[in-house]
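Okay, structure first, notes after.
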Amino acid sequence: MKALYSFIILLLITAAVHAQPPNVPADKGATFGAKTTPEDAITVDQLASVMKSREGKKTEVKLKGTVTSVCESMGCWIKIRSADGDMMVKMKDHSFFVPLALNGKEVVVDGIAEAKETSVEELKDYAKDAGKSKEEVDAIKAPKMELTITAKGVLVL
């Protein structure tokens, strides 16, 4: 029984160590996830037009934009500045993470864009991950229709 408890404690410690954003610089040219290039990258405004023409269906894109926030707990998502509010970018299958130092940087995100409804529960989780106060989290009462991207790779410009 002692061995089982020791194993569980070791497993929890390992999970806690790995559940943090990478502590690496976000210098120009740094890539997180799959390698990508800035060629053919479109702006957030152009993405909105593309998605309207495709009626919100999943679309492969390279998006150029400025990071406004990074998931503080793991680095598993970022938000990109948009005229309609910040756009959510999640790292595909949690297969890679980005550093907090990415905040404020211009990046190219290579991935799949789609229009979807984000549930209240998800919105609250994102707010908690972003370090929002309990009051701000509790104020979230309705789902949100938004453009999101599932990133395969992120390049710092």
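FYI, the numbering for the sequence shown is -19 to -1, 1 to 138, going by mature numbering (1 follows the signal peptide of the UniProt record, and there is no 0).
Heads up, the beta-carbon is just placed ideally off N, CA and C, and yes, glycines get one too.
Just so we're clear, the structure is a prediction, and the values are computed from it rather than from any experiment.
Ranked by Cα distance from V101, the first of D119, E36, K33 is D119. Taking C-beta separations shorter than 8 Å and ignoring five residues to either side along the sequence, the partners of I23 in its chain run V31, V42, K43, L44, K45, following chain order.
Within the model, the alpha-carbon separation for P3 versus E36 is close to 36 Å.
Here the alpha carbon of V70 sits roughly 23 Å from the alpha carbon of K115. DSSP, reduced to helix, strand and coil, places L83 within a helical segment of the structure shown. Beta-bridge partners of A111 (DSSP): none assigned. Around the beta-carbon of K38, fewer than 16 other beta-carbon atoms lie within 10 Å, marking it exposed. Remark: C-beta atoms of A15 and G134 approach each other more closely than 7 Å. In the displayed model, D119 falls within a helix according to three-state DSSP. Taking all protein chains shown into account, A132 has 16 or more neighbouring C-beta atoms within 10 Å of its C-beta and is therefore buried. In the three-state reduction of the DSSP assignment, S50 falls in the strand class. Judged by DSSP secondary structure, V70 falls outside any alpha helix (DSSP H) and instead within the beta strand (DSSP E) spanning 68 to 72. If you draw a straight line from the Cα of N84 to the Cα of D106, it comes to about 19 Å. In the DSSP assignment, M32 falls within the alpha helix (DSSP H) that extends over 25 to 34.
A7 places its beta carbon 7 Å or farther from that of K60.
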